[in-house]
Structure formats: C-alpha cells, structure tokens
Amino acid sequence: MASRIEDYGFVSDLRTGALISREGSIDWLCVPRFDSESVFGALVGTKDHGRWQLAPTLDDSSMSRPAKADRWYRPSTFILETHWTTGSGEVLVTDFMPIGGRGSSLIRRVQGVAGQVLMRQELELRFGYGKILPWVRRIYDDDGEALLAVAGPQAVMLRADALPHAASDYSHVGEFMVEAGQTVDMQLHAFSSHSVPPPAIDVGVALQATSNYWTYWSSNYLRPGNYDAEVERSLLVLRALTHEGTGGIVAAPTTSLPEQFGGERNWDYRYCWLRDAALTLEAMMTHGFQQEALLWRNWLLRAVAGDPHDLQIMYGVAGERELPERVLDHLPGYEGSAPVRVGNGAVTQYQGDVIGEVMVALAKLRNHGVHEDHFSWPLQRNMLLFVENNINRKDHGIWEMRGEKRDFTHSRVMMWAAMDCGVRAVQEHGLDGPAGRWAEIRDGLRTEILERGFNSEINSFTQTYGRTEVDASLLVLPQVGFLAYDDERILGTVSRLERDLLDGAGLLMRYRTEVCLDGLEPGEHPFLACSFWLVGQYARTGRVAEAQMLMDRLVGFGNDLGLFSEEYDTSGKRMAGNYPQAFSHLALIRAADALNRYGQ
C-alpha cells in the first residue's frame, strides 16, 4: 500500500518530478516529462507497478529499536535529506534530481554519520504505468557495472557503488553496510533506448550545482514579512512544477490521487491549465520573478495562438491540444480509489472564466511596466473576440462540472473582467482596440450579473443564475474589482458561504456536492484554495483576527516539508487529492500577501 499523501517528499529537475515516501520508497516518477508514462507507479498501485525503496534493513540484528526517520529540505532547495537513526548507527540519505543535463536523473546518496547501518534497497522497474516489464540486464562500460532496463523506446540505467545483485520475482534486491564517514552513491538515468547510455555523473559536483541553482533562484525572492517560509516554499513548488524548456506549469505532478477516498473523483492533473498559468504569472511577478513571469506569459501566448474558436482551458506541457482521457484498468488506484485516469476529459469543456483569468494576469504584468509586443497584444485581442463570440454561452464553470452546463456567476464575472482589461489597455496604455464596443459588452455583463447573479431574498450572489446554491468561487468577485470587498452584497455573500459551506473544522467547501448536480456521486473534502481565499477576504474587511486564525490553521495542514495537496480531510486528518498542488500553493501566496498588507 502507498503511504499517506502527506508522507511524501517531492524532488524535481524542472522536467519531471518524483515522490519519495517517509519510508524511503520512490513510488512515483514519470519520464521524460511530468505527463509521460510512469516507471515507478506504486503510488496508484502496488510495488509491482514500480518503486525504488532504500532504507535501513529490518534484518539488522543489532537494531535495538525501530529505525527513525527525520527529513527536511536543504534551505531554499528541492534537495531532500532524510536522517535515519537505528540501534546501530545513523545515516543521511540525500535525494535530488540534477538540473539540466541530457536527460532526467535521480540521485540517492547515502552517508554514514555514526556507527554502522545495514541498508537495503528494492528496485522494481515497470514502464507504461506499471504494465510493461522491461528487459533488465547487467552491463559493463568505462564507468563500471550497471543495470540496464529496456522496453520499446524507453530505457533506464542504474549506476551505483552498491548495485542490487539478487534478482527474484522481477525485483532487484541488495544490502550494503554503511559506516561512519563512508559515502555510497546511486544514480538512476532515464533516456531513449536507441541512444547511447549516459555516462556516470560526478554526484558531488551535481549536488553542489543543484544546490546552487535553487538557492540562487530563491535569492531573487522579495520577502513579504509574515509567513515568509511558507511563501518561499510555495514559490519553489511553482518553479519545480514548471518545465524549464517550455515554460508550461503543471497543476500537479500526479494523477488520480482521490478527492474522496474510495470514490471516483480521481483526475489527471499533469497538464497546464490557462487559469493556473495566469495565477502563477501574477504570483511570480509580485515576488520579484519578472523573468519567470515573462516565461509563463510566452507559454500562454504560444498555447493559445491560432483561431480563437479553438481555444482550450488546458494544454500539454509544450502546448499540446490532444489530451484524451482514458482509464488504466490494470491499476487498483490509491487506496483502492478507482478509476485511475490519464488524460483529462475536461480539455473539451467550455469554461467561461478562463480568458478573464489570463487577461487579468497580463494586465497586471502591463501595470508592472512590461510592454506588449507585436505578438502578445494581438493575441489578447483574439481572446477578447473569443469572449465576445461566446457571450451568451452557458459553461461548465471553474470546477469543471461534468453535469449540465449553466450560467455560472463566477464565469460571467470573469468575462466582465476580461472586457474590463481590454478597455483599460486602450484607455490607460494606449493600445489599439475597439474600446467602445468592449465597454458596452462589459457594462451589459455587469447589469446582467447584478440582476440575475444576486439573489436579494438570501442577500447573496449565487453559484448559477436562477438558483439559491452558493459557491466558494464567488470570493473571486472582489479580487477582480467587480465590487469592493466591503460592498454589502459581497459581505452578504460571505455570510451565506459561512452558513452553507463551512465544514465542522471551519474550512470552506467549494460547493455542496449533494445538491450541485456536478455529474458525479456526492462527497469530497474541503478544497484548500477556497479557505485561503477566505483569509484574504477577512483580512481586507477588518476581520484580521479571524484571518490570522484561519491562516494559521491552514498552514498547519501542510506537511513537515511545507507541501500542500488539493484538499484536506478534516475528519481523517490527512491530505486528499493530487499533490503537491499548484493551486493550493498559489492561494497560500495570495492569502499571505493579503495578511501582510492589511493585517498589520
């Protein structure tokens, strides 16, 4: 069985990433990209679907007590260190993925700290999401002995000072003793099977270079004050989820970690949502990473280039458009939560809010002094044309409802925001465009939303026109300037959200799944981003003590490494959903910014 979600650490080389359990098992790794097939897939299956475990052996006769593991990231990096203490000694295991290079590599360095410790490794390599058993053989080259696994176009090579020598039941097992002062290095390389195997890496040099990369990147961070460590880690997560070559940011490095344990709300988040990319651009720009913001802007513009009618809500890491959803029947799912899906059927949905998210982020980039070029502004005009052409179209909403399309109030407000950005670009920045027509559409939307999206009987905006249900996404309305944070209609909406959507632990649900008709069986846990939004709302309307209390509670739901999943199961006191989740970290950054600005 896989570990609890919060028990995983995460390392990245800006192309893909691995999840490493507290027990020292790498249970998830896709190569060569975040959205490629896995070579370690135990996270959503069993060890027979691929894993690499490295830990003190349970057969150590000198072990007078169970091995104890303490772990941390090296400051301002994604270098994971685990300190094992046993009855016979202590070792430090360092896991990291070197930045750059010809392909993805995963390095595990074992250093003896005190006494001696017998270490054991178990390696199960499985390609194709655990379905393909590769041909594994021992080879010898100028760098010594190695294990080479090949199946079709993929190959993986393990070079190690202590190779596993015993092979049984399609697993490679080995034990080795580590004494104080001794270092044992292991390096796993992924490459194309038709290519020449990569040479051995100088682990010491690679470790220092990787540390230098992350610490230099973090040194550009403009520190906000309170929650500095949480904001820095969140920015690092956003960077770690970004493909260095394309600039695309994935929503999470995992697929099908359940929103409801044992349920069907299991989705593939290894793709790039326009909404997430836009919010990431804003977060990076706010905290001193203007170059990264431009990288995300360029990815956005490349992804949406073309006929505006073909615009999608999400794309592949390099901007691919075809992301068909399918079920992997051979995988039992995380804790039996089936189905395991790859691809995402929401790619074909129309979500009316997305262009607004993008236009708001690009407007903030303009306000920071970044000039539009011959490519960026015409594409934004194309996006506004898309909004105009779909002005009366019902949509699936921000939460990707798989039920009937509706007039979602949040979506309509974001269409208003898109048009407002267009008008301001012409009036305040001198860009060319039909500002009069855009203003007419904007003002018409505002009138419509106030008439049909606000229910005076319950003194609240509603999730959709003509109904009384509310939705946490309504907290976005003041964020984009549709109304002031302290407008009586917004305050009334907040009161309704508190009444209808707060769970027993004081966290905000997205909406009530039992009455929302989202096309799925009811039941999910609080979506962390929604509660972070509520922190910002409280901070901006004088409820500073409540904002602080909620923020502290939310920060406490992160794990010991500062990572957050999509949702949190308050009754089971555990994380749920894909992990680490960009949207949660984005919302944390915005909440901290609000508290630092308005909570003094």
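Numbering (the working numbering), first residue to last: 1303 to 1902.
For each residue, glycine too, the CB sits at the ideal point set by N, CA and C.
Can you name, in chain order, every residue of its own chain whose Cβ lies under 8 Å from the Cβ of A1894, other than the five neighbours on each side? The residue you call residue 1894 lines up with position 592 of the sequence shown. P1526, N1528, Y1529, E1532, V1533 and M1853, listed in sequence order.
Thinking C-beta only, is G1638 closer than 7 Å to G1564? Translated into the one-based positions of the sequence shown, residue 1564 becomes position 262. Translated into the one-based positions of the sequence shown, residue 1638 becomes position 336. For the pair G1564 and G1638, the CB atoms are nearer than the 7 Å cut-off.
Nearest CA to the CA of A1607: which residue from L1596, E1622 and A1595? Along the sequence shown, read from residue 1 onward, the residue named residue 1607 stands at position 305. Of the listed residues, the one whose Cα sits closest to A1607 is E1622.
Minimum C-alpha distance to H1827 - residue among E1561, R1439 and V1846: Counting from 1 along the sequence shown, the entry for residue 1827 is found at position 525. The residue with the shortest Cα to Cα distance from H1827 is E1561.
With respect to the alpha helix (DSSP H) encompassing Q1489, which residues constitute its N-terminal and C-terminal limits? Translated into positions along the sequence shown, residue 1489 becomes position 187. Per DSSP, Q1489 belongs to no alpha helix (DSSP H); it is in the beta strand (DSSP E), T1485 to S1494.
Identify the continuous beta strand (DSSP E) that holds A1878 and give its terminal residues. Here the question's residue 1878 lines up with position 576 in the sequence shown. Taken as a continuous stretch (DSSP letters only), the beta strand (DSSP E) holding A1878 covers R1876 to A1878.
Please state the DSSP three-state secondary structure of V1846. Residue numbering aside, residue 1846 sits at position 544 when the sequence shown is read from its first letter. V1846: helix per DSSP, three-state reduction.
To the nearest angstrom, report how far apart Q1765 and R1628 are at their CA atoms. Walking along the sequence shown from the start, residue 1765 turns up at place 463. Walking along the sequence shown from the start, residue 1628 turns up at place 326. Cα to Cα, Q1765 sits roughly 30 Å from R1628.
Helix, strand or coil: how does DSSP classify I1409 here? Residue 1409 sits at position 107 when you count from the first residue of the sequence shown. I1409 falls in the strand class under three-state DSSP.
Using 8 Å as the cut-off, can you tell me whether the stretch 1490-1509 makes contact with the stretch 1455-1463, which would need three or more C-beta pairs spanning the two stretches below that distance? Yes, the stretch 1490-1509 touches the stretch 1455-1463.
From which residue to which residue does the beta strand (DSSP E) around K1433 run? Locating residue 1433 in the sequence shown gives position 131, where the first residue counts as 1. Where K1433 is concerned, there is no enclosing beta strand (DSSP E), given that its DSSP letter is neither H nor E.
As an exercise, report each continuous alpha helix (DSSP H) stretch of at least 4 residues that is fully enclosed by the stretch 1647-1732, in chain order. 1656-1669, 1678-1691 and 1711-1731
Residue range of the unbroken alpha helix (DSSP H) whose run includes D1337: Here residue 1337 refers to the residue found at position 35 when the sequence shown is read from its first residue. DSSP places D1337 in no alpha helix (DSSP H); its state is neither H nor E.
Look at the Cβ atom of G1402, then the Cβ atom of V1419, and state whether they are nearer than 7 Å. Sequence index remark: in the sequence shown, residue 1402 carries index 100 (1-based). Sequence index remark: in the sequence shown, residue 1419 carries index 117 (1-based). Taking 7 Å as the Cβ cut-off, G1402 and V1419 do not qualify as a contacting pair.
Going by the beta-carbon positions, is the gap between A1807 and A1889 smaller than 7 Å? Indexing the sequence shown from 1 puts residue 1807 at position 505. Indexing the sequence shown from 1 puts residue 1889 at position 587. Contact flag unset, no.
Do three or more CB pairs link the stretch 1368-1384 to the stretch 1505-1515 at distances below 8 Å? yes
Go to S1520, then tell me how far its alpha helix (DSSP H) extends in each direction, as first and last residue. Along the sequence shown, read from residue 1 onward, the residue named residue 1520 stands at position 218. S1520 -> alpha helix (DSSP H) spans V1505 to S1520.
Based on the DSSP output, what are the partners of E1383 in its beta bridges? Residue 1383 sits at position 81 when you count from the first residue of the sequence shown. BP columns for E1383 point to W1374 and T1396.
C-alpha distance - S1536 paired with S1520, whole-angstrom precision: Position 234 of the sequence shown holds residue 1536. Position 218 of the sequence shown holds residue 1520. Between the alpha carbons of S1536 and S1520 lies a distance of about 11 Å.
Apply the 10 Å Cβ neighbour rule to H1545 and answer buried if 16 or more other Cβ atoms are within range, or exposed otherwise. Start at 1 with the first residue of the sequence shown, and residue 1545 comes out as number 243. Label assigned to H1545: buried.
When we look at the beta-carbon of P1626 and count the other beta-carbons within 10 Å, is it buried (16 or more) or exposed? Within the sequence shown, residue 1626 is the residue found at index 324, counting from 1. The residue in question, P1626, is exposed, as its Cβ has fewer than 16 Cβ neighbours within 10 Å.
Buried/exposed call for W1437, threshold 16 Cβ in 10 Å: Sequence index remark: in the sequence shown, residue 1437 carries index 135 (1-based). Burial call: exposed.
Nearest-angstrom beta carbon gap, G1343 and R1428 [assumed within contact, 8 Å]: Start at 1 with the first residue of the sequence shown, and residue 1428 comes out as number 126. Start at 1 with the first residue of the sequence shown, and residue 1343 comes out as number 41. Yes, they are in contact, since the Cβ atoms of R1428 and G1343 sit about 6 Å apart, within 8 Å.
Cβ neighbours of E1771 in the same chain (closer than 7 Å, five flanking residues each side left out): The residue you call residue 1771 lines up with position 469 of the sequence shown. Same-chain partners within the cutoff: T1764, Q1765, Y1813, R1814, V1817 and C1818.
Can you name the start and end residues of the alpha helix (DSSP H) that D1445 belongs to? One-based indexing of the sequence shown puts residue 1445 at position 143. Premise fails: D1445 is in no alpha helix (DSSP H) and is neither H nor E.
For G1326, which residues in the same chain have their Cβ closer than 7 Å to its Cβ, ignoring the five residues on either side in sequence? Residue 1326 sits at position 24 when you count from the first residue of the sequence shown. By the criterion of a C-beta distance shorter than 7 Å, G1326 is surrounded in its chain by Q1355, L1356, A1357, T1384 and V1395, once the five residues flanking it on both sides are discounted.
Would T1795 pass as a contact of L1776 if the rule is Cβ separation under 7 Å? Here residue 1795 refers to the residue found at position 493 when the sequence shown is read from its first residue. Here residue 1776 refers to the residue found at position 474 when the sequence shown is read from its first residue. The answer is yes: Cβ separation under 7 Å.
Residues near D1362 by beta carbon distance below 8 Å, same chain, minus five either side: As a working note, residue 1362 is residue 60 in the sequence shown. Caution applies to D1362, whose pLDDT of 48 falls short of 50 and renders its modelled position unreliable; the model cannot decide the point.
Through-space distance from L1602 to A1737, alpha-carbon basis: In the sequence shown, residue 1737 corresponds to position 435, counting from 1. In the sequence shown, residue 1602 corresponds to position 300, counting from 1. Going by the C-alpha atoms only, they are around 23 Å apart.
Helix, strand or coil for N1600, going by three-state DSSP, please let me know. The residue you call residue 1600 lines up with position 298 of the sequence shown. Annotated three-state conformation of N1600 is helix, per DSSP.
So the candidates are W1740, W1374 and W1330; which of them puts its Cα closest to the Cα of D1862? Taking the first residue of the sequence shown as 1, we reach residue 1862 at position 560. D1862 has its Cα closest to that of W1374, out of W1740, W1374 and W1330.
For R1842 and F1478, what's the separation of their Cα atoms in angstroms? Taking the first residue of the sequence shown as 1, we reach residue 1842 at position 540. Taking the first residue of the sequence shown as 1, we reach residue 1478 at position 176. Their backbone Cα atoms lie some 58 Å apart in a straight line.
Contact defined as beta carbons within less than 8 Å: I believe Q1614 pairs with V1649. What is the distance between those atoms, to the nearest angstrom? Here the question's residue 1614 lines up with position 312 in the sequence shown. Here the question's residue 1649 lines up with position 347 in the sequence shown. Contact between Q1614 and V1649 is confirmed by a C-beta separation of about 6 Å, below the 8 Å threshold.
Apart from the five residues on each side of it in sequence, which residues of its chain come closer than 6 Å, Cβ to Cβ, to S1305? On the sequence shown, residue 1305 is found 3 positions in, with the first residue counted as 1. Closer than 6 Å at Cβ, skipping near neighbours: S1323.
Hey, is the stretch 1869-1882 in contact with the stretch 1304-1319, meaning 3+ C-beta pairs nearer than 8 Å? yes
Under the three-state DSSP convention, the category D1309 falls into: Against the sequence shown, residue 1309 aligns to sequence position 7. DSSP places D1309 in helix when its eight states are reduced to three.
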